[in-house]
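Engineer: Please read through the structure below; I'll follow up with questions.
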Amino acid sequence: MDVFIKFAINFAVSNQKKQQVMKKVKLLFILSLLFCLVPRAITKNTSLNAVQERNISLSESWEVVRGLPSVEASINYEEELLYIKFNTTFDNVNIEIKDAHNTVLVHDLVHPIENMTYTISMKGLPLNKGYKLHIHNQYGEATGLFFL
Numbered sequence: 001m002d003v004f005i006k007f008a009i010n011f012a013v014s015n016q017k018k019q020q021v022m023k024k025v026k027l028l029f030i031l032s033l034l035f036c037l038v039p040r041a042i043t044k045n046t047s048l049n050a051v052q053e054r055n056i057s058l059s060e061s062w063e064v065v066r067g068l069p070s071v072e073a074s075i076n077y078e079e080e081l082l083y084i085k086f087n088t089t090f091d092n093v094n095i096e097i098k099d100a101h102n103t104v105l106v107h108d109l110v111h112p113i114e115n116m117t118y119t120i121s122m123k124g125l126p127l128n129k130g131y132k133l134h135i136h137n138q139y140g141e142a143t144g145l146f147f148l
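Okay, structure coming up:
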């Protein structure tokens with residue numbers, strides 16, 4: 001990239017101003033990188049802080065998923081959201097919400113990492129109707145149930 005810029009400047013600028021132009025070009029290049037990277041860092045930090053604050057506010061209502069002691073779940077009835085907290089890393093995890101007749105209403109495939117909280121919207125489902133949250137890996141080995 002440096003060679004291309006020098007080549008372009010050789011044709012466009014006299015010998016006296018080449019160094020001044022090179023400094024300005026490098027400064028513009030560095031500023032453009034900053035404007036591209038800084039907004040991403042700001043949005044990542046704010047979204048992570050929001051998730052951490054939400055976990056703290058719901059810390060009293062977490063319950064261990066039966067059969068998976070490293071997974072906890074919590075429901076926020078006001079926002080109609082289900083939170084699933086993974087305290088360990090799993091490969092592929094299927095998350096299903098089933099009704100009383102074992103009909104799958106919600107199905108998600110997740111690749112959870114340690115200390116990750118996964119959120120599922122319960123909007124459109126009548127709450128307190130005997131649903132169950134079923135979590136299992138792709139082989140059916142690690143299976144857990146949580147009754148909503």
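For the sequence shown, full-length UniProt numbering begins at 1 and goes up steadily by one. We treat Cβ as the ideally placed atom computed from N, Cα and C, and that holds for glycine.
1) In this structure, how does DSSP classify M22 when only helix, strand and coil are distinguished?
2) Which same chain residues end up closer than 6 angstroms to S70 when comparing Cβ atoms and leaving out the 5 residues on each side of it in sequence?
3) Alpha carbon to alpha carbon, what distance is there between D108 and T119?
4) What residues are listed by DSSP as bridge partners for K85?
5) Skipping 5 residues on each side, what residues in its chain have a beta carbon closer than 7 angstroms to that of V106?
6) Check this for me: beta carbons of V81 and A73, under 8 angstroms apart or not?
7) Assuming E79 contacts F146 (C-beta within less than 8 angstroms), just tell me the rounded distance between them.
8) Would a C-beta distance cut-off of 8 angstroms place Y77 and D99 closer than the cut-off?
9) Should P112 go down as buried or exposed, given a rule of 16 or more other Cβ atoms within 10 Å for buried?
10) Within the same chain, show all residues whose beta-carbon is closer than 6 angstroms to that of T143, passing over the 5 residues directly before and after it, in chain order.
Structural biologist: Reading off the structure:
1) helix
2) N87, T88
3) 11 angstroms
4) E72, T117
5) E96, I97, I120
6) Reading the sequence as shown, one finds Leu at residue 81 and not Val. Cβ atoms of L81 and A73: not closer than 8 angstroms.
7) The Cβ separation is near 18 angstroms, so there is no contact.
8) no
9) buried
10) G67, H136
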